[in-house]
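K.L.:
For the sequence shown, counting from 1, position 106 maps to 106 in UniProt numbering; every step adds exactly one.
Just so it is clear, CB atoms sit at the ideal spot from N, CA and C, and this is done for glycine as well.
All figures in this text were calculated on a predicted structure; none of them were measured in a lab.
Before anything else, here's the structure in question.
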Amino acid sequence: MSEKHLVCQGAICECKFGSTPDQLMVLSQKKHYINDEQGSEKPLGNTMDLGQPFKAKTFGSCKLMNNAKCSPAIIAWLKFYENVVLDNGGKLLLENSKGTCAVAGAPCVEFTFHGQTAAVSSQNTKKAEEDSSSYLNPLMNVTKIADKLFRFDLPAAADNL
């Protein structure tokens, strides 16, 4: 994939003819997730996210429509990852993918942020090297923090609720 991030729900999009950014809302599938431990918040964006797959459903005012309210209509995506096809027939969007709007008739919608964020889990702290972690942050002992955060007795924890 040449070092490009996959796009997921919450990615920030901009239209070169619009005045404000918007967030991608993945409505085409709810089975394939990324960067989301519970698998409920960040579905993968794909080429089947067409029409108005955006949270606010607008990019502000549109220069092509004499600054009238933008009403995007994505008819196709370009520069996607072709080696994976999801169950819905869509291919994965990348951070350099571009959306073609029916109003512009050209690829004018781009991603400025892919939507993925770091989510630290117990698995990350178990794999962390103590020496490297203490060098990066000398005030923190990863092993001790991992023990306190991720080791607890479920029945005792439930009694404290």
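(1) Within the continuous beta strand (DSSP E) that includes Pro-107, where are the two ends?
(2) Rounding to the nearest angstrom, what Cα-Cα distance links Ala-76 and Gly-99 in this structure?
(3) Of the choices Cys-15, Cys-8, Ala-11, Leu-6, whose alpha-carbon is the least far from that of Ala-104?
(4) Does the distance from the C-beta atom of Gly-18 to that of Cys-62 stay below 8 Å?
(5) What does a CB cutoff of less than 8 Å around Asn-160 pick up in its chain, not counting 5 residues either side in sequence?
(6) Buried or exposed: which applies to Asn-46, given that a residue is buried once 16 or more other Cβ atoms fall within 10 Å of its Cβ?
(7) So, are the CB atoms of Cys-13 and Glu-82 less than 8 Å apart?
(8) Contact defined as beta carbons within less than 8 Å: I believe Leu-92 pairs with Leu-44. What is the distance between those atoms, to the nearest angstrom?
(9) Roughly how many angstroms lie between the CA atoms of Leu-27 and Met-48, to the nearest whole one?
(10) Helix or strand or just coil, what does DSSP make of Leu-6?
(11) Specify, as a first and last residue, the run of the beta strand (DSSP E) that Val-103 falls within.
(12) Which value, in whole angstroms, describes the spacing of the CA atoms of Leu-64 and Pro-107?
P.N.:
This is what the structure gives:
(1) As a working note, residue 107 is residue 107 in the sequence shown. Looking at the DSSP string, the run of the beta strand (DSSP E) that includes Pro-107 is 106-113.
(2) Position 76 of the sequence shown, counted from the first residue, corresponds to residue 76. Position 99 of the sequence shown, counted from the first residue, corresponds to residue 99. Ala-76 and Gly-99 have their C-alpha atoms some 6 Å from each other.
(3) Counting from 1 along the sequence shown, the entry for residue 104 is found at position 104. Restricting attention to Cys-15, Cys-8, Ala-11, Leu-6, the CA atom closest to the CA of Ala-104 is found in Cys-15.
(4) Locating residue 18 in the sequence shown gives position 18, where the first residue counts as 1. Locating residue 62 in the sequence shown gives position 62, where the first residue counts as 1. Cβ distance < 8 Å, so Gly-18 and Cys-62 count as in contact.
(5) Within the sequence shown, the letter at position 160 stands for residue 160. Caution is warranted here: a pLDDT of 46 is assigned to Asn-160, below 50, making its placement in the model unreliable, and no coordinate value can be reported.
(6) Here residue 46 refers to the residue found at position 46 when the sequence shown is read from its first residue. When all chains shown are included, Asn-46 counts as buried.
(7) Sequence index remark: in the sequence shown, residue 13 carries index 13 (1-based). Sequence index remark: in the sequence shown, residue 82 carries index 82 (1-based). Result no, Cβ atoms of Cys-13 and Glu-82 do not sit closer than 8 Å.
(8) Along the sequence shown, one-based indexing puts residue 92 at 92. Along the sequence shown, one-based indexing puts residue 44 at 44. With 8 Å as the limit, Leu-92 and Leu-44 qualify as a contact, their Cβ atoms being about 6 Å apart.
(9) On the sequence shown, residue 27 is found 27 positions in, with the first residue counted as 1. On the sequence shown, residue 48 is found 48 positions in, with the first residue counted as 1. So the alpha carbons of these two residues sit roughly 9 Å apart.
(10) For the purposes of this step, residue 6 is taken as residue 6 along the sequence shown, with counting starting at 1. Looking at Leu-6 - three-state DSSP - the assignment turns out to be strand.
(11) By one-based count along the sequence shown, residue 103 stands at place 103. Per DSSP, Val-103 lies in no beta strand (DSSP E) segment and is marked neither H nor E.
(12) Translated into positions along the sequence shown, residue 64 becomes position 64. Translated into positions along the sequence shown, residue 107 becomes position 107. Straight-line Cα distance between these residues: approximately 14 Å.
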